[in-house]
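*Asks:* Residue numbers (our numbering): 4 to 543. Glycine included, every Cβ here is placed at the ideal spot set by N, Cα and C.
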């Protein structure tokens with residue numbers, strides 16, 4: 004729940020503070036996963052000097068038994084607890100607890116295990132009796148951001164972001180659950196809803212209306228007579244409104260501009276600059292930090308993909324440069340956006356590499372069809388697109404087409420392993436903390452996109468690097484933390500064994516007692532030096 008539904012506190016106080024709602028998880032039938040903890044150095048565990056410790060925790064993998072979850076309400080006055088009725092089906096997710104503004108009803112989000120039907124139940128906090136208030140259905144799955152984008156209004160109505168028409172759009176409902184109006188319309192995705200000002204009768208939201216690379220802040224009156232854009236600069240814009248919607252803080256950044264923070268009144272007039280980051284901007288210029296250049300290309304299937312590129316300092320178009328492709332590629336993610344992020348990729352560019360990134364099919368802000376076409380077959384289209392991206396880059400006159408590498412972490416690590424097993428375009432690759440079989444990952448995330456392996460065995464196995472290890476081409480560096488409680492080191496161990504038995508040579512690094520982030524002590528410096536040295540040895 005914490006990782007995949009994005010909340011860590013399964014408690015909800017009623018607005019009048021008379022009731023406390025909470026979830027109860029019965030994990031007795033959930034299978035246990037274990038990982039070995041060693042003495043280590045940073046930190047050092049004296050108790051494990053001779054005998055490592057086997058740390059265990061409940062972890063339901065795809066197709067396995069989940070926790071039985073129930074909702075309850077504690078009344079402070081009577082000091083009694085009642086269970087909320089959530090239906091006869093127990094193999095469900097109770098993904099949110101919320102109260103109506105008047106504290107009269109507890110709202111429970113009930114998501115079926117297949118995650119294509121979400122019910123909102125209204126429960127009486129005194130009796131626990133519930134009634135169905137609203138249902139959202141999808142032919143594939145309910146996007147996870149629906150959970151937090153359900154917003155109550157002061158009059159008891161609510162606003163949701165739904166994909167029912169093929170794009171994420173705002174819909175307005177009354178307090179009885181009847182649709183009043185579709186607030187936004189067009190071939191673009193609404194990416195955030197900021198709220199409704201009842202005094203001015205104005206809705207505020209964020210959308211990727213002008214480009215999937217950008218975000219703009221918009222307003223729209225209840226009667227639709229007033230509509231427009233509060234943001235004025237092309238790039239990534241977001242807003243945080245005061246409680247009464249009289250003011251908002253605006254955040255802006257783009258590829259060559261660090262975060263620029265301003266305070267505005269509700270009309271959009273600037274009151275003051277809170278942070279201009281001029282000092283940081285000057286430092287970036289002094290150190291000649293490369294700036295992202297955006298590009299698009301069409302694959303052999305006619306799909307247009309977006310990308311960015313960092314070029315080395317003193318770039319000379321008559322020379323040929325090795326390329327490092329970075330990608331994440333996960334469902335509804337975006338790595339190609341018009342904002343500034345300075346880190347390892349800029350360092351690699353300064354070391355003489357062209358660094359490129361392409362968002363494949365399955366990524367966000369391009370409508371439901373583009374976003375969900377990877378359903379039931381995670382990895383297939385994403386790896387096809389990364390291979391096509393490498394071929395496109397290889398065709399550029401300033402690219403050394405014999406020295407193209409690929410790097411990724413987590414889902415991106417999965418993509419590195421699979422892409423190198425499906426093609427020979429990559430001379431080298433670094434796969435960090437990869438999923439190598441979705442059978443090894445958790446129920447919530449995996450089944451949302453793949454359903455159960457008992458139903459979709461081919462989808463799981465056809466796009467698993469484990470099934471194609473003997474076909475791996477290029478030099479692979481495989482990296483994992485031994486105490487990764489998210490993507491278990493089991494993934495790397497099983498893949499490495501497949502490679503060994505297939506007679507495929509590769510490099511591998513396991514970081515002792517490190518989790519999915521692989522950090523702590525000297526670990527980060529060691530890791531990035533290792534990866535940079537590997538790329539230099541293989542591609543330069």
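#1: Got a sec? Which residues, its chain only, sit under 7 Å from residue 422 by beta carbon, not counting five neighbours each side?
#2: Confirm, please, whether the CB-CB distance from residue 250 to residue 266 is below 8 Å.
#3: Classify residue 351: buried if its beta carbon has 16 or more other beta carbons within 10 angstroms, exposed otherwise.
#4: Please name the residue or residues paired with residue 398 in a DSSP beta bridge.
#5: Beta strand (DSSP E) containing residue 441: first to last residue?
#6: Please give the ranges of any beta strand (DSSP E) in the stretch 300-363, keeping only runs that are unbroken, at least 3 residues long and fully inside the region.
#7: Below 8 Å, how does it come out for the stretch 12-25 and the stretch 104-120: are there three or more Cβ pairs, yes or no?
#8: Residue 197: which of 141, 223, 286, 216 sits nearest, CA to CA?
#9: When we look at the beta-carbon of residue 348 and count the other beta-carbons within 10 Å, is it buried (16 or more) or exposed?
#10: Measuring alpha carbon to alpha carbon, tell me which of 312, 478, 119 ends up nearest residue 298.
#11: Could you tell me how far apart the beta carbons of residue 544 and residue 439 are, in whole angstroms, since I believe they sit closer than 8 Å?
#12: Tell me where the beta strand (DSSP E) around residue 219 begins and ends.
#13: Do you know how far the Cα of residue 110 is from the Cα of residue 125?
#14: For residue 185, which beta-bridge partners are listed by DSSP?
#15: Once you ignore the five residues that flank residue 38 on each side, which residues in its own chain have a CB closer than 6 Å to its CB?
#16: Which term fits residue 254, buried or exposed, when burial requires 16 or more other beta carbons within 10 angstroms of its beta carbon?
#17: Quick one: Cα of residue 137 to Cα of residue 76, how far?
#18: Report the rounded CA-to-CA distance for residue 314 versus residue 537, giving the unit in angstroms.
#19: Whose CA, out of 331, 392, 228, lies closest to the CA of residue 413?
#20: Using DSSP with H/G/I as helix, E/B as strand and the rest coil, what is residue 386?
#21: Rounded to the nearest angstrom, how far is the Cβ of residue 541 from that of residue 431, given a contact under 8 Å?
#22: Tell me, please, which residues DSSP counts as bridged to residue 238.
#23: Where are the beta strand (DSSP E) runs, 3 residues long or more, that stay fully inside the stretch 437-519, in chain order?
#24: Is the CB-CB distance between residue 370 and residue 219 below 8 Å?
#25: Closest Cβ-Cβ distance between residue 277 and chain B: below 8 Å?
#26: Over what stretch of residues does the beta strand (DSSP E) that includes residue 276 continue unbroken?
#27: How would you write the range of the alpha helix (DSSP H) that residue 139 sits in, first residue to last?
#28: Tell me the rounded alpha-carbon separation between residue 517 and residue 55.
#29: Can you give me the Cβ contacts of residue 473 inside the same chain, cut-off strictly under 6 Å, excluding the 5 residues immediately before and after it?
#30: What separation, rounded to the nearest whole angstrom, lies between the Cα atoms of residue 513 and residue 502?
#31: Can you give me the C-alpha to C-alpha distance between residue 359 and residue 535, rounded to a whole angstrom?
#32: Buried or exposed, going by whether 16 or more other CB atoms sit within 10 Å of the CB of residue 130?
#33: Closer than 8 Å is the cut-off here; do at least three beta carbon pairs connect the stretch 316-335 with the stretch 279-290?
#34: Closest to residue 442 by C-alpha separation, out of 450, 24, 508, would be which residue?
#35: Buried or exposed: residue 548, going by 16 or more other Cβ atoms within 10 Å of its Cβ?
#36: Are there 16 or more other CB atoms within 10 angstroms of the CB of residue 81, so buried, or fewer, so exposed?
*Replies:* In short, the structure shows the following:
#1: 386, 389, 390, 409, 429
#2: With respect to the 8 Å criterion, residue 266 and residue 250 are classified as neighbours on the basis of their beta carbons.
#3: buried
#4: Answer is none; residue 398 lacks a bridge partner.
#5: Looking at the DSSP string, residue 441 is not in any beta strand (DSSP E), and its letter there is neither H nor E.
#6: 307-313, 324-329, 357-362
#7: yes
#8: Check the Cα spacing between residue 197 and each of 141, 223, 286, 216: the tightest is with 223.
#9: buried
#10: 312
#11: One cannot answer for residue 544 here, as it falls past the ends of the chain, which runs 4 to 543.
#12: From DSSP, the beta strand (DSSP E) with residue 219 extends over 219-224.
#13: Looking at the two C-alpha atoms, the distance is approximately 5 Å.
#14: The partner list for residue 185 (beta bridge, DSSP) reads 174.
#15: 58, 486
#16: buried
#17: 21 Å
#18: Roughly 20 Å separates the two Cα atoms.
#19: 331
#20: helix
#21: Right, their Cβ atoms sit about 4 Å apart.
#22: Its beta-bridge partners do not exist; DSSP assigns none.
#23: 478-484, 510-514
#24: no
#25: The structure shown contains no chain B; it is built from a single protein chain.
#26: Here the beta strand (DSSP E) through residue 276 covers 273-278.
#27: Counting along the chain, residue 139 falls outside any alpha helix (DSSP H), though it belongs to the beta strand (DSSP E) covering 133-140.
#28: 15 Å
#29: 505
#30: 16 Å
#31: 16 Å
#32: exposed
#33: Short answer: they don't touch.
#34: 450
#35: Lying before the first or after the last residue shown, residue 548 is absent from the chain, which here runs from 4 to 543.
#36: exposed
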